[in-house]
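**Student:**
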Amino acid sequence: MKIICLNGWGGKMHDALLPYLKHEQPDILCLQEVVHSPATSEPELTYRDGDHVLPQQANFFADVCAVLPSHAASFCPAAQGILWDGDTPVPSQWGLATFVSRDLPVIGQAQGFVHKTYGADGYGDHPRSRSAHVVRVHDHEMGRSVTVGHMHGLRDLRGKMDTAERKAQARAMLALFDSVVQEDDIAVICGDFNVEPDSETLALMRQAGFEELVTSRSFPGTRTAQYLKPGRFADYMLVRGYDGTAEFDVIYTPEVSDHCPLVLTL
């Protein structure tokens, strides 16, 4: 089973990202920073937040569905706000998505929020609403059930330091995960957590029995050359209950986002 976790950067590098996903065909794809704008057929819109201006693929969710047609797709919005087509505002939903190969029966799942609730009237002030999704599948080849959950961690304009909101977010993620996972499952939690390796978030997950793979396997970071700010860590993959050899890699090339894909093969 191949599990890929990636912050897709709103599809900014879709010309590289979509072929990458089509080639890789992960059994489970956990994708954060997904845009869904059903009100428009325009391919590209613009996100504006003060001096933060970023091109977005207007229907990034549909674009990924098109290159993974044999997968069941779930979009989990955190909020609906405004993107821009020139000077025209376009309502657009933002959140994360999970893609599961139809070969894998989904035998349990939970969708919820790890910070605030659905923002129906705009993206809101930072730290903004954050959704999460957990799926439980059965892998008949392994003879095991696997539970996979992911979230997109809070962005704090001050940086990636520990905050009370981030600690509460980690606890909420673990509670949502615990509502789905069963005792004998292989358990995986992943995502763009927006924290440093020594964070309370990862400490709480380690206390819950998870092994964090990015730093424990000495990868130097999870950001590509597209990311120009200091700090090279944001994304993490954690595993519990697997006694086999888990192949894990952080993909630095090809660059498909300002984040690296995290690839776990069980």
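Okay, so the sequence shown: first residue is 1 according to full-length UniProt numbering, each after it adds one. Glycine is no exception: its CB is placed at the ideal position from the N, C-alpha and C atoms. Every value quoted in this text rests on a predicted model; they were computed, and no experiment measured them.
At what residues does the beta strand (DSSP E) containing K2 begin and finish?
**Tutor:** Sequence index remark: in the sequence shown, residue 2 carries index 2 (1-based). Looking at the DSSP string, the run of the beta strand (DSSP E) that includes K2 is 2-7.
**Student:** Output the distance between the C-alpha atoms of F60 and A78, rounded to the nearest integer angstrom.
**Tutor:** Locating residue 60 in the sequence shown gives position 60, counting from the first residue. Locating residue 78 in the sequence shown gives position 78, counting from the first residue. When rounded, the distance between both Cα atoms is 15 Å.
**Student:** Give the straight-line distance between the Cα atoms of L204 and E33, rounded to the nearest whole angstrom.
**Tutor:** Here residue 204 refers to the residue found at position 204 of the sequence shown. Here residue 33 refers to the residue found at position 33 of the sequence shown. C-alpha separation (whole angstroms): 24 Å.
**Student:** Please identify the residue among S92, E141, P69 whose C-alpha is closest to the C-alpha of Q80.
**Tutor:** Taking the sequence shown and counting its residues from 1, the one referred to as residue 80 is at position 80. Checked all of S92, E141, P69; the closest Cα to Q80 is S92.
**Student:** Where P43 and S74 are concerned, what is the direct C-alpha to C-alpha distance, given to the nearest angstrom?
**Tutor:** Residue mapping note: residue 43 aligns to position 43 of the sequence shown, counting from 1. Residue mapping note: residue 74 aligns to position 74 of the sequence shown, counting from 1. Using only the alpha carbons, I get a separation of about 21 Å.
**Student:** Taking the beta strand (DSSP E) that F210 belongs to, which residues open and close that run?
**Tutor:** Position 210 of the sequence shown, counted from the start, is the residue given in the question as residue 210. F210 -> no beta strand (DSSP E), and no H or E assigned at all.
**Student:** Give a yes or no on whether the C-beta atoms belonging to N7 and A234 are separated by under 9 Å.
**Tutor:** Indexing the sequence shown from 1 puts residue 7 at position 7. Indexing the sequence shown from 1 puts residue 234 at position 234. Cβ distance < 9 Å, so N7 and A234 count as in contact.
**Student:** What residue from L266, Q226, H14, I4 has the CA that sits closest to E141's CA?
**Tutor:** Taking the first residue of the sequence shown as 1, we reach residue 141 at position 141. Selected option, being the one with the closest Cα: L266.
**Student:** Quick check on the DSSP output: the alpha helix (DSSP H) that includes A16 runs from which residue to which?
**Tutor:** On the sequence shown, residue 16 is found 16 positions in, with the first residue counted as 1. Note, A16: alpha helix (DSSP H), 14-24.
**Student:** Taking only the alpha-carbon atoms, compute the straight-line gap between E183 and G221 and give it to the nearest angstrom.
**Tutor:** Taking the sequence shown and counting its residues from 1, the one referred to as residue 183 is at position 183. Taking the sequence shown and counting its residues from 1, the one referred to as residue 221 is at position 221. C-alpha separation (whole angstroms): 32 Å.
**Student:** Determine the DSSP secondary structure at D156, reduced to helix, strand or coil.
**Tutor:** Residue numbering aside, residue 156 sits at position 156 when the sequence shown is read from its first letter. DSSP places D156 in coil when its eight states are reduced to three.
**Student:** Among the candidates G244, V256, D178, whose CA atom is the shortest distance from the CA of G112?
**Tutor:** Here residue 112 is taken as the residue at index 112 of the sequence shown, counted from 1. Closest option to G112, Cα to Cα, is D178.
**Student:** Using DSSP's beta-bridge definition, name the partner residues of Y236.
**Tutor:** Residue 236 sits at position 236 when you count from the first residue of the sequence shown. In the DSSP output, where bridge partners are listed per residue, Y236 has G191.
**Student:** Candidates V239, C260, G191: which alpha carbon is nearest G209's?
**Tutor:** Position 209 of the sequence shown, counting from 1, holds the residue named residue 209. When each option's Cα is compared against that of G209, the closest is V239.
**Student:** Which full runs of the alpha helix (DSSP H) of 4+ residues lie inside the segment 43-88, going along the chain?
**Tutor:** 60-67, all fully within the segment 43-88.
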